[in-house]
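Just below is one structure, and these are the notes that go with it.
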Amino acid sequence: MSGNIWIVAEQWRGKLSEITFESLALGREVADGLGVKLQAVLLGHDVQNLSTSLGMADSVIYVDHTELADPGASAQASALAQLVRQQKPRTVIVPLTNVSLGTGTLLGEQVGAPVVNFCKDLRAADGHIVADCVLYGGKIEATVTPRGDLTVIGLWPGSRPPDKGRSDRNPPVETQTVTFADQPSVKLRSYIEPDASDVDITQQDVLVAVGRGIQSQENVALAEELAASLGGAVCGSRPVIDQGWLPLSRQVGKSGLNVKPKLYLALGISGAPEHLEGMKDAPLIVAVNSDPDAPIFNVAHYGVVADAMDMIPTLKETVLALRG
Amino acid sequence: MNILVLLRMVPDVVEELEIAPDGRTLDTEYLRMIVNESDDHALEQALILKERKGGKVTVLALDAPDVDDVLFSAVAKGADRVMKIEGGDGGVTTRAAAGMFAEIIRNEKDLQPFDIVLTGVQAIDDLDALVAPILSHRLGLPYLAIVTKVTPDATGKSVTAIREFAGGVRGEFDVPLPAVLGIQAAEKPPRYVPVAKVRAAMKTSKIESIGVPTMADGGQPLLDVSHMRKPVVSGHAQMLDGEPEDVSKKLAGIFTERGLL
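Protein chains in written order, with my numbering: chain U, 1 to 324; chain R, 325 to 585.
Okay, here's the thing in structure tokens:
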């Protein structure tokens, strides 16, 4: 048993994801804590050049296969399972992003190992690993100890600053081969790029963000008036997009965009981790929510416990009066 | 199309969540359970497929408080058959739940042949697994996650599915059937069903009961939760109190200070 810590270096469309560096930073701490090596596993097709950015790891395991060219949980998990059986790491950290979702669970199934999902922090304690996980939309945290010699960790974005996982060092690369069973599988036909004709919410100074608490499509129009009074645009969290009240181009968070406006005014947004991921770095976050325990208040600078609909008209009038 | 939909109930996080005296689980006494949101979208996507291609929608749910209401509501929306897995001790992990679904789908002969299994991509309590990948592995079927649209192809042997990636980019996939899809959102929001129709469904339809299946690994958890807590936060918003007029003035003051007005 090598007993090493592995991180899966997530690459998509030829680029390493930020979570790869977050995983490297976290993995480095855990590996050092246990006195074992940190290895980065890079899966893809014609992407070996990316290994030069993975110097925070002691070494890189690279697998090149056409089946791994596009993201796909089944192929990724199958490749990882083959490597795990050969090399016997103790922990495999898999990103819990939209690109890699499902890979961790499938890997755990294939190698019979426990999977720890929604992990936001990981540490070594008495030779074992202990994970802190975010549950119930960010309202509860759980400390979890996996059983057995091997654990798969589904790592949530934001565990460590990505810059702590970067290094100029050029790590040694070990190339491995895997095989794939000939069985029916899903095939990517084409990518659908986001609608470029809409407002680019990543370029706005002021964003008025609406969530489930906005209650209806008519109320989104009121939020748009408020945004206009502040010289900004409206964006939304997942439920609002799923309801069809705003287009996908306005979605903030996982699946959507990461934004960093000068002001992020969150109305009726509870602050599920998937949303916080996309806006937590804005320098001024103001949240209005009727639930005083809403997780959004943990990242907001100013908070108001109120129904968003009670605040929108008054705030708009106040802003317009000031602007003359 | 013969469509299977898997539903689970989860705590409504709009309510306050309390931790049980054991410090390792949620206190269920005042917990309000609702259907997992993406499972509800999976049901809607199934109903849309049935409307388009004909066929049958069978809903399979784990027993939980208020699950009967959800199942009767599924019938009122257009589901043909609703089934409930009963007799477990509750509080099963996601991995165990997925294992039960897989055993039942494999063993209940009248669920076969099916074309597609739809379930929510993820739930807020998926600590030890996601349901769809476990099913795909145990049933040996193709799997796609984060699906937001499913369109049957002319051959009836495959579907075209749209899957989300990041940054607003999506992908169009060819999915050979049968397959397991983790639905993020149906192509339309879940339909509303009037209470009267749900009541009518309660009178005219029946929830079939299935016992908890025996699982090879016993469905034992592979993780130990040593404790649960409310998040300890490093920072918290400065709260502004008062009537909307007062709060609006305070906010406008903050915006002005920051040069935003």
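C-beta atoms are modelled at their ideal positions from N, C-alpha and C, and glycine is treated no differently.
Could you say which of the options lies nearest to residue i if we only look at CA atoms?
i: CYS122 of chain U; options: U:VAL220, U:PHE180, U:ALA31 and U:ALA228; result: What sits at residue 122 of chain U in the sequence shown is Leu, not Cys. Nearest option by C-alpha distance: U:ALA31.
i: HIS551 of chain R; options: U:MET56, U:LEU135, U:VAL115 and U:HIS301; result: U:LEU135
i: GLU368 of chain R; options: R:MET357, R:VAL441 and R:GLU432; result: R:VAL441
i: ILE368 of chain U; options: U:PRO146, U:VAL206 and U:ILE201; result: Given a span of 1 to 324 for chain U in the structure shown, any question on residue 368 of chain U remains unanswerable.
i: GLY334 of chain U; options: U:GLY231, U:VAL116 and U:HIS65; result: Given a span of 1 to 324 for chain U in the structure shown, any question on residue 334 of chain U remains unanswerable.
i: ALA306 of chain U; options: U:ILE214, U:GLY44 and U:LYS120; result: U:ILE214
i: GLY278 of chain U; options: U:PRO292, U:LEU315, U:ARG238 and U:ASP132; result: U:ARG238
i: LYS401 of chain R; options: R:LEU371, R:GLY379, R:ALA426 and R:GLU410; result: R:LEU371
i: CYS119 of chain U; options: U:SER23, U:ALA113 and U:LEU34; result: U:SER23
i: LYS433 of chain R; options: R:ILE534, R:LEU330 and R:ASP565; result: R:ILE534
i: THR580 of chain R; options: U:ARG323, U:SER53 and U:HIS275; result: U:ARG323
i: GLU18 of chain U; options: U:GLN39, U:SER78, U:LEU68 and U:LEU96; result: U:LEU96
i: LYS473 of chain R; options: R:HIS365, R:PHE396, R:SER460 and R:LYS574; result: R:HIS365
i: VAL199 of chain U; options: U:TRP245, U:CYS235 and U:PRO295; result: U:CYS235
i: GLY154 of chain U; options: U:ASP242, U:LEU263, U:LYS88 and U:GLU10; result: U:GLU10
i: ALA228 of chain U; options: R:ALA509, R:LEU584 and R:PRO555; result: R:LEU584
i: GLU361 of chain R; options: R:VAL445, R:GLY379, R:ILE327 and R:VAL536; result: R:VAL445
i: GLY14 of chain U; options: U:LEU34, U:SER249 and U:ASN49; result: U:ASN49
i: GLU488 of chain R; options: U:ILE241, U:LYS88, U:ALA142 and U:VAL94; result: U:ILE241
i: PRO261 of chain U; options: U:VAL252, U:PRO71 and U:GLY268; result: U:VAL252
i: GLU274 of chain U; options: R:ILE448, R:VAL557, R:LYS521 and R:LEU459; result: R:ILE448
From the DSSP secondary-structure annotation, give me the bridge partner or partners of residue i.
i: ARG515 of chain R; result: Its beta-bridge partners do not exist; DSSP assigns none.
i: ILE7 of chain U; result: U:ALA40 and U:ILE93
i: THR145 of chain U; result: R:ASP548
i: GLN251 of chain U; result: U:GLY236
i: ASP64 of chain U; result: U:GLY44
i: PHE497 of chain R; result: U:LEU188 and R:ALA485
i: LYS15 of chain U; result: U:TRP12
i: ILE440 of chain R; result: R:ILE327 and R:ALA503
i: GLU532 of chain R; result: R:MET407
i: MET563 of chain R; result: U:GLY303
i: ARG327 of chain U; result: Nothing about residue 327 of chain U can be reported from this structure: the residues present for chain U run from 1 to 324 only.
i: MET333 of chain R; result: R:VAL359
i: ILE153 of chain U; result: U:ILE93 and U:VAL116
i: SER59 of chain U; result: U:GLN39
i: ARG553 of chain R; result: U:GLU141
i: ALA540 of chain R; result: Paired residue(s): none; ALA540 of chain R is not in a bridge.
In the structure shown, what three-state DSSP assignment does residue i receive?
i: ALA509 of chain R; result: coil
i: ALA447 of chain R; result: coil
i: THR475 of chain R; result: strand
i: THR382 of chain R; result: strand
i: ILE343 of chain R; result: strand
i: LYS408 of chain R; result: strand
i: THR362 of chain U; result: Since the first residue shown for chain U is 1 and the last is 324, residue 362 of chain U is missing from the structure and cannot be characterised.
i: SER74 of chain U; result: helix
i: PHE180 of chain U; result: coil
i: ASN360 of chain R; result: coil
i: LEU207 of chain U; result: strand
i: MET309 of chain U; result: helix
i: GLU375 of chain R; result: helix
i: VAL394 of chain R; result: helix
i: ARG323 of chain U; result: helix
i: SER216 of chain U; result: coil
i: SER23 of chain U; result: helix
i: LEU585 of chain R; result: coil
i: ASN289 of chain U; result: strand
i: LEU315 of chain U; result: helix
Is any heavy atom of the ligand MN found at a distance shorter than 7 Å from the C-beta of residue i?
i: ARG160 of chain U; result: Among the ligands in the structure shown, none appear at all, so the ligand MN cannot be discussed.
Using Cβ-Cβ distances below 8 Å, what residues of the segment 436 to 463 of chain R are close to chain U?
-> VAL445, GLN446, ILE448, ASP449, ASP450, LEU451, ASP452, ALA453, LEU454, ALA456, PRO457, ILE458, SER460, HIS461 and ARG462
Positions along the segment 168 to 180 of chain U whose CB lies within less than 8 Å of some CB in chain R | none
Within 7 Å of chain R by C-beta, residues of the segment 153 to 165 of chain U in sequence order = none
Which of the residues in the segment 126 to 141 of chain U, read from start to end, lie with their CB under 9 Å from any CB of chain R?
-> VAL130, ALA131, CYS133, VAL134, LEU135, TYR136, GLY137, GLY138, LYS139, ILE140 and GLU141
Select from the segment 363 to 389 of chain R all residues with a C-beta closer than 9 Å to any C-beta belonging to chain U, and list them in chain order.
-> HIS365
Using a Cβ-Cβ cut-off of less than 7 Å, give me the residues of the segment 52 to 85 of chain U that come near chain R, in sequence order.
-> ALA73 and SER74
Contact residues within the segment 183 to 204 of chain U, judged by C-beta distance below 9 Å to chain R = GLN183, PRO184, SER185, VAL186, LYS187, LEU188, ARG189, SER190, TYR191, ILE192, GLU193, PRO194 and ASP195
Examine the Cβ distances between the segment 43 to 52 of chain U and the segment 60 to 75 of chain U and report whether three or more of them are shorter than 8 Å.
-> yes
Would you check if there are 3 or more beta carbon pairs closer than 8 Å linking the segment 490 to 510 of chain R to the segment 465 to 481 of chain R?
-> yes
Inter-stretch contact (C-beta, 8 Å, three-pair minimum) for the segment 143 to 155 of chain U and the segment 490 to 498 of chain R = no
Just checking, does the segment 409 to 429 of chain R make contact with the segment 380 to 388 of chain R on the three C-beta pairs under 8 Å criterion?
-> yes
Determine, using beta-carbon pairs with one atom in the segment 45 to 57 of chain U and one in the segment 167 to 181 of chain U, whether at least three such pairs fall under 8 Å.
-> yes
Mind listing which residues of the segment 417 to 431 of chain R have their C-beta closer than 9 Å to chain U's C-betas, in chain order?
-> THR418, ARG419 and ALA422
Is the segment 33 to 40 of chain U touching the segment 508 to 517 of chain R in the sense that three or more CB pairs, one from each, lie closer than 8 Å?
-> no
Does the segment 475 to 494 of chain R come close enough to the segment 327 to 345 of chain R that 3 or more CB-CB pairs lie under 8 Å?
-> no
Indicate whether the contact test is met: 3 or more Cβ pairs, each with one atom in the segment 211 to 226 of chain U and one in the segment 185 to 203 of chain U, closer than 8 Å.
-> no
Would the segment 540 to 549 of chain R and the segment 392 to 401 of chain R be scored as touching if the rule is three or more Cβ pairs under 8 Å?
-> no
Validate contact between the segment 85 to 96 of chain U and the segment 417 to 434 of chain R using beta carbons, cut 8 Å, 3 pairs = no
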